[in-house]
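Data block below; observations after.
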Amino acid sequence: MPDSTAPFAGRVALVTGGGTGIGRTTALRLAEHGASVLITGRRAQPLQHTAKLATTITAVPADFGDERAVGQLVEAAIDRWGRLDVLINNAGAFAAAPLLTSRCQLWPTCTRSTSWRRPC
Numbered sequence: 002m003p004d005s006t007a008p009f010a011g012r013v014a015l016v017t018g019g020g021t022g023i024g025r026t027t028a029l030r031l032a033e034h035g036a037s038v039l040i041t042g043r044r045a046q047p048l049q050h051t052a053k054l055a056t057t058i059t060a061v062p063a064d065f066g067d068e069r070a071v072g073q074l075v076e077a078a079i080d081r082w083g084r085l086d087v088l089i090n091n092a093g094a095f096a097a098a099p100l101l102t103s104r105c106q107l108w109p110t111c112t113r114s115t116s117w118r119r120p121c
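Sequence positions in the sequence shown follow this note's numbering and run 2 to 121.
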């Protein structure tokens with residue numbers, strides 16, 4: 002049972018890009034401070050590894066750049082815990098290309114995980 006005096010006790014957080022790096026560390030710290038945490042990302046293996054590190058972390062592989070997946074993730078949190086209090090939008094994508102010579106087709110790959118508008 003979580004410590005009711007912890008700063009995030011009773012709170013539910015969704016962390017995108019939660020399998021590695023900053024997202025992983027954020028998810029672990031939220032869990033350490035009492036939150037129930039749903040982590041998501043495109044790669045199942047890192048998510049599962051992170052979820053094994055804290056009993057209050059649940060992993061759901063999904064592409065946060067897919068608008069349908071966003072709704073499904075919110076529903077998953079609400080179905081499991083009855084609420085969603087915190088969103089850490091950490092997911093991102095990277096395409097290595099020189100800015101001045103890159104094609105417009107690369108931009109959706111880089112921006113769709115943080116914005117649902119289509120820039121090109």
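Beta carbons: idealized from backbone N, C-alpha and C, even for Gly.
Everything numeric in this text was worked out from a predicted model, so none of it was measured.
| Item | Value |
| --- | --- |
| Quick one: what's got a C-beta closer than 6 angstroms to residue 33's C-beta in the same chain, skipping five residues either side? | none |
| Can you say whether residue 79 is buried or exposed, counting buried as having 16 or more other CB atoms within 10 angstroms of its CB? | exposed |
| Buried or exposed: where does residue 47 fall if 16 or more other Cβ atoms within 10 Å of its Cβ makes it buried? | buried |
| Roughly how many angstroms lie between the CA atoms of residue 69 and residue 37, to the nearest whole one? | 23 angstroms |
| Suppose contacts are defined by Cβ-Cβ distances below 7 angstroms. Is residue 74 in contact with residue 41 by that definition? | yes |
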